[in-house]
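Be aware that the sequence shown starts at 2, since it is given in the numbering used here, and climbs by one per residue.
Notes for the one structure printed next.
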Amino acid sequence: ERIDGSLVFKTNVSNSPMLVYIYPGVHGGTQEYVGGIIEGTSRPDNSIIVVASSADASWSVVSGAGMAALEGKTASSTRLVGWSAGARGMRKAMDSGSFDKIIYADPDPSRLMKTNHENAIMYYRPSNWGGDYKYLGEKQRDLAAEMGEGRAVESGKGHKEILALSIQNILI
Numbered sequence: 002e003r004i005d006g007s008l009v010f011k012t013n014v015s016n017s018p019m020l021v022y023i024y025p026g027v028h029g030g031t032q033e034y035v036g037g038i039i040e041g042t043s044r045p046d047n048s049i050i051v052v053a054s055s056a057d058a059s060w061s062v063v064s065g066a067g068m069a070a071l072e073g074k075t076a077s078s079t080r081l082v083g084w085s086a087g088a089r090g091m092r093k094a095m096d097s098g099s100f101d102k103i104i105y106a107d108p109d110p111s112r113l114m115k116t117n118h119e120n121a122i123m124y125y126r127p128s129n130w131g132g133d134y135k136y137l138g139e140k141q142r143d144l145a146a147e148m149g150e151g152r153a154v155e156s157g158k159g160h161k162e163i164l165a166l167s168i169q170n171i172l173i
């Protein structure tokens, strides 16, 4: 279903569902692509996933879609994923809200430096960033160091595979 431009997936929602927000990337990693990954992922009962319309969608609009999807219920847990350029929107959300679990999914690290990484982990692979964006892969290592021991996992997976891994892990 769509709520104010956000794509919403509800799985057997009852009282106190888990609420997950996901900021997609750009180019080949749009909302529709992320929605396709979610459709192919086993989702736990009593969960709501809200995929923002774009990498830098307004947090007030995205969180509003989440509140509407809750239909008056209170979330048991509120979680956040930002994939690739979706780090832009994720940073807005982090500055405005509180989350029980956050995953940086092979992110553009520039928006995440010098922020509070509480409840955050990162899956990344610098070599996924090439060409004009190679410098972002190098900055991922700086972000990993800033996050501290055990909070950043350098993966051997491709960019889109890290998204799928992150979606699976945010749901457990």
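A virtual CB, placed ideally from N, CA and C, is assigned to each residue, including glycine.
Since the structure is predicted, the reported quantities are computational estimates derived from the model, not experimental observations.
I need the boundaries of the alpha helix (DSSP H) containing A136, first residue and last residue. For the sequence presented, residue 136 should be read as Tyr rather than Ala. Where Y136 is concerned, the enclosing alpha helix (DSSP H) stretches over K135 to M148.
State the start and end residues of the unbroken beta strand (DSSP E) segment that holds I173. That residue, I173, is in no beta strand (DSSP E); it is neither H nor E in DSSP.
Please state whether the Cβ-Cβ distance between L164 and V35 is less than 9 angstroms. yes
Excluding sequence positions up to five away, which residues of its chain have a Cβ less than 7 angstroms from the Cβ of I38? L164, A165 and I168
A146, buried or exposed, once every other Cβ within 10 Å from all chains shown has been counted against 16: It is exposed - the Cβ of A146 has fewer than 16 other Cβ atoms within 10 Å.
Proximity of S85 and D109 at Cβ, strictly below 9 angstroms: Yes. Within cutoff.
Helix, strand or coil, according to DSSP, for L81 in the structure here? strand
Here's the rule: buried if 16 or more other CB atoms are within 10 angstroms of the residue's CB, otherwise exposed. What is R3? The residue in question, R3, is exposed, as its Cβ has fewer than 16 Cβ neighbours within 10 Å.
Alpha carbon to alpha carbon, how far is S55 from K93? 13 angstroms
Only counting the same chain, and skipping five residues up and downstream in sequence, which positions put a Cβ closer than 7 angstroms to that of R142? Result list for R142: P127, in chain order.
G132 burial status per 10 Å Cβ neighbour count (16 or more: buried): exposed
Paired residues, beta bridge with T12 - DSSP: BP columns for T12 point to S48.
In or out: N16 buried (at least 16 other Cβ within 10 Å) or exposed? exposed
K115: first and last residue of the uninterrupted beta strand (DSSP E) it sits in: Careful: K115 lies outside any beta strand (DSSP E) and carries neither H nor E.
Who are the Cβ neighbours of L113 in its own chain at under 7 angstroms, not counting the five residues just before and after it? A88, R92, Y105 and L144
List the whole-angstrom C-beta distance separating Q32 from A66, where the pair is believed to meet the contact cut-off of C-beta under 8 angstroms. With 8 angstroms as the limit, Q32 and A66 do not qualify as a contact, their Cβ atoms being about 12 angstroms apart.
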